[in-house]
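Visitor: Under this note's numbering, the first residue of the sequence shown carries the number 973, and numbering increases by one thereafter. We treat Cβ as the ideally placed atom computed from N, Cα and C, and that holds for glycine. Note that the structure is a prediction, hence the values are computed from the model and not measured. Handing you a structure now.
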Amino acid sequence: MSIIQTIRDKGSAIVIGIIALSLVGFLLMDASSGASKGLFGSNSSTIGKVNGDAIEVKDFNEKVAFMEQQYPAGSGYNRQQIMQDVWDQTIAEKVVNGEFKKLGLTFTAPEMSATILSPDAPQQLKQAFSNPETGEYDIEKARQWLLDMKKTKNQEQRNAVNQQVINPMELNSMYTKYTSMIAGSVYLPAWLTKKEDEANKNFAEISYVAIPYKDISDSAINVSDKEIEAYVDKNKTRYKQEAGRTISYVSFSATPTLKDSNAVRDQLLALQTNFSADTNAKAFVARNVSAIDYFDGYRIKSKITSGEKDSIASLPEGGIIGPYLDGSNYVLAKKISTKILPDSFKCRHILLGTADPQTGQVLMPDSVAKQKVDSITEAIKNGADFNTLEAQYSTDKVAHKDNGVMTFDLDAIQSDNFAKEFAAFLLNENGETKKAVHTQFGWHYIEILEKKNPQPVYKIAYLAREIVPSDETINAANAAATKLAGESRTEKDFDAYIKKPGVNKNKITPPAVKESDFMLGGLQDARQIIKWAFDAKPGAVSEPFSLKDEFVVATVTGVSKEGIPDAKTARPQVETMIRNKKKSEQIIKKLNNPTSLEAAASAFQKSVLTSGQDSTLTFNAFIINGVGNEPKVAGAAFNKANQTKVSAPIPGNTGVFVLKVNAINTRPADAAGVMGQMTTTRIQEIIQGNQQMQKPGALGASFNALKKIADIKDNRSKFF
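This is the structure in structure tokens:
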């Protein structure tokens, strides 16, 4: 098996992980990009631009196809999610690559070689070239592979190596250099450290009166559209929005019913007797179209994935259990046979390869390889040294470093990627330990050195049927959705219909979506609905959309234009804040500048409370015991003016507070946050520690700034 295939099998997910990890500071931010309708001609192959750098649909589709290979059907990762991830990754790469170019950062060929041939090599190479005995990275094997790849003329292999190894490694290296520069710029002055120490050393004890906003009914406070518009206008940067649509929908489930589930179970019950009597389980499973393919091999019990493995293992040969539920399937399991086999095998071999597994180049004719392996077999039989012959004749460069020694577990030997003839010899039960074997790679001389952990293994045939909705279930859901769509021409009709007796449907209204989005609330693949909504008028009602296991009827409830949101759109975000501000004004007016805490308490029939005796009320306190998250209260607790008289009313997050400072004390030396004696050395240690904590925030802020100033054009909706 070629090294490229090994890297694909073992490292593809890690490659993606490297990219994701490298850009985590960027990708975890709001992945927003403005849709630019009409920017490109209808025949354009450009689906987007970042600072003028085009994203071509061909390149984008190739990346999507590559990612789809890593997440096959059934992995839970659908195409729309993959396309979104590729888009986010592409945007992130182009933004940071542009910055790399401005800074003159490069990744040279010598740097690439030095990285590959070091303990810091990419993880997928470490896995591909790990020593089977020690598990350590074999740099010499990697060096030979690198030399071979530089010589190969196979463009497909070159592209695979670039895409899976070199490009992620380059991106990771450049990102590391860039983040090191940003991290090096983080600086905290000594005076600030001393100031923080002073703030943490002291704690306040206060008496206070709290009048919660909830004491005033929301219905008593009107918030007008004009007030919302005025508030948003003063905070334009915070509430700036992209163009989008608000879509409400109702879903009609077409998932299997109990009746459907029982029908599948009955199908398997009807096959149970014949399955038990049939002597060719492989053919029976294929003939009856099982959802679980037949595996013509043995597994130790710990590797059997069925939840019924204990019951299966205890069956007699030919015994059947089931039907039982296993995920979305009903399953019949038949134990075919039991053996005692090792769970791992150690062997050594000399390969007389007839073709290079990477390039396909012919190494020697099959007849010549056969003559050589016969001669090697005879020579070893007569006392020749195996290691000498392996070093002289073997064409297996991967195993050559270990003198041809390899270790495999039972699952690997029985896998489709393992040469069948090689596997058959390792698994032989007639005591053979040395033999010449022919495979698609050439002729091998093999010696079995060790078999470990012999234990019972089981060959099991599964006959499985997926529990799927019947035509009756699907038609019922479709009919209900069609009835809603047919009787609702407007959003008002839509709302009236779902409230009718016997319908009992809830309308779901997720946040606004952008033109290129694919998710809508709990709908993971709603691309067709979103495309419809951007062509529809406000209040329009759709025909039923058939999604994976449901039928959906949608209505366009709002259109948001790019810029500042209108009052209706902004109301859910700002209404509570405006209402609380108006409540605080009413409370403060009624308090009428109280001269004592008792007067403030009497005005609203509240009690005078205390806080801070536990030494946790510091200037930087995030949560005040008994009070909550009220930074204004924490600040007022250290205002010297409030030590001699009650404070002015303080409008906070949850209510209005009036307080008086009873005392300012020094916290114990061993209290959390107290830094100890502030010597010059101690200050430097604290500064270094704080700078380390500040670095992630600085990196995130730098990426956020880069993205904010980037000119990102998104034209995906014209293609997908």
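In the DSSP assignment, find the beta strand (DSSP E) that holds residue 1025 and state where it starts and stops.
Guide: Here the beta strand (DSSP E) through residue 1025 covers 1025-1028.
Visitor: Which term fits residue 1096, buried or exposed, when burial requires 16 or more other beta carbons within 10 angstroms of its beta carbon?
Guide: Buried, because 16 or more other Cβ atoms sit within 10 Å of the Cβ of residue 1096.
Visitor: Using the three-state DSSP reduction, which class does residue 1383 fall into: helix, strand or coil?
Guide: Looking at residue 1383 - three-state DSSP - the assignment turns out to be helix.
Visitor: Would you report the Cα separation of residue 1539 and residue 1548, rounded to the nearest angstrom?
Guide: Taking the straight line from one Cα to the other gives about 13 Å.
Visitor: Provide the residue span of the beta strand (DSSP E) that contains residue 1217, from first to last.
Guide: Residue 1217 -> beta strand (DSSP E) spans 1216-1225.
Visitor: Could you have a look at residue 1102 and say whether DSSP puts it in helix, strand or coil?
Guide: Three-state result, residue 1102: strand.
Visitor: Classify residue 1462 as helix, strand or coil using the three-state DSSP reduction.
Guide: Three-state result, residue 1462: coil.
Visitor: At 4 residues or longer, and completely inside the region 1282-1358: list those alpha helix (DSSP H) runs for me, N to C.
Guide: Within the region 1282-1358, the complete alpha helix (DSSP H) runs of at least 4 residues are 1338-1353.
Visitor: What residue range is occupied by the uninterrupted beta strand (DSSP E) comprising residue 1438?
Guide: 1427-1438 is the extent of the beta strand (DSSP E) around residue 1438.
Visitor: Nearest CA to the CA of residue 1033: which residue from 1023, 1025 and 1062?
Guide: The shortest C-alpha separation from residue 1033 is found at 1062.
Visitor: Is residue 1140 helix, strand or coil when you go by DSSP?
Guide: Helix.
Visitor: Ends of the beta strand (DSSP E) at residue 1631?
Guide: Run containing residue 1631: 1627-1638, per the beta strand (DSSP E) assignment.
Visitor: Please confirm if the region 1578-1588 is in contact with the region 1173-1192, defined as three or more CB-CB distances below 8 Å between the two stretches.
Guide: Verdict: yes, contact present.
Visitor: Note down the Cα distance separating residue 1529 from residue 1543, rounded to an integer number of angstroms.
Guide: Going by the C-alpha atoms only, they are around 15 Å apart.
Visitor: Across the region 1312-1320 and the region 1363-1381, are there enough close Cβ pairs to call them in contact, namely three or more that are closer than 8 Å?
Guide: The region 1312-1320 vs the region 1363-1381: in contact.
Visitor: Taking the CB atoms as reference points, tell me whether residue 1574 and residue 1175 lie closer together than 8 Å.
Guide: No, they are not a contact pair.
Visitor: For a quick check, are the C-beta atoms of residue 1335 and residue 1346 less than 8 Å apart?
Guide: Cβ distance not < 8 Å, so residue 1335 and residue 1346 don't count as in contact.
Visitor: Closer than 8 Å is the cut-off here; do at least three beta carbon pairs connect the region 1137-1152 with the region 1557-1575?
Guide: In short, these stretches do not touch, since the Cβ pair count stays below three.
Visitor: Just to confirm my understanding: we take residue 1247, look at its own chain, exclude 5 residues before and 5 after, and list those with CB closer than 7 Å. What are they?
Guide: Same-chain partners within the cutoff: 1256, 1292, 1304, 1306 and 1435.
Visitor: Might you give, ordered along the chain, the residues of its own chain that have their beta carbon closer than 7 Å to the beta carbon of residue 1208, omitting 5 neighbours on each side?
Guide: Excluding residues within five positions, the ones whose Cβ falls inside 7 Å are 1536.
Visitor: Which value, in whole angstroms, describes the spacing of the CA atoms of residue 1477 and residue 1471?
Guide: So the two alpha carbons sit approximately 7 Å from each other.
Visitor: So which of 1050, 1064 and 1506 has the shortest CA-CA distance to residue 1674?
Guide: Taking only the C-alpha atoms, the option nearest residue 1674 is 1064.
Visitor: How many angstroms separate the CA atom of residue 1364 from the CA atom of residue 1133?
Guide: Cα to Cα, residue 1364 sits roughly 30 Å from residue 1133.
Visitor: Going by the beta-carbon positions, is the gap between residue 1692 and residue 1499 smaller than 8 Å?
Guide: Going by C-beta atoms, residue 1692 is nearer than 8 Å to residue 1499.
Visitor: Using alpha carbons as the reference points, say which of 1600, 1639 and 1607 lies closest to residue 1184.
Guide: With distances taken between Cα atoms, residue 1184 lies closest to 1600.
Visitor: Under 8 Å by Cβ, that's how I've got residue 1486 and residue 1214 pegged, so tell me the actual separation to the nearest angstrom.
Guide: Yes, residue 1486 and residue 1214 are in contact; Cβ-Cβ is about 6 Å, under 8 Å.
Visitor: In its own chain, which residues sit with a C-beta less than 6 Å from the C-beta of residue 1551, not counting the 5 before and 5 after it?
Guide: Only 1193 and 1195 meet the Cβ criterion.
Visitor: CB-CB under 6 Å to residue 1359, same chain, minus the five flanking residues each way: which ones, in chain order?
Guide: Closer than 6 Å at the Cβ level, and outside the excluded window around residue 1359, lie 1375.
Visitor: With a Cβ-Cβ cutoff of 8 Å, do residue 1618 and residue 1604 count as a contact?
Guide: No, these two residues do not count as a Cβ contact at 8 Å.
Visitor: List the whole-angstrom C-beta distance separating residue 1254 from residue 1268, where the pair is believed to meet the contact cut-off of C-beta under 8 Å.
Guide: 6 Å between Cβ atoms; contact.
Visitor: For residue 1469 and residue 1459, what's the separation of their Cα atoms in angstroms?
Guide: Approximately 8 Å, taken between the alpha carbons.
Visitor: Is DSSP giving residue 1230 helix, strand or coil here?
Guide: Helix at residue 1230.
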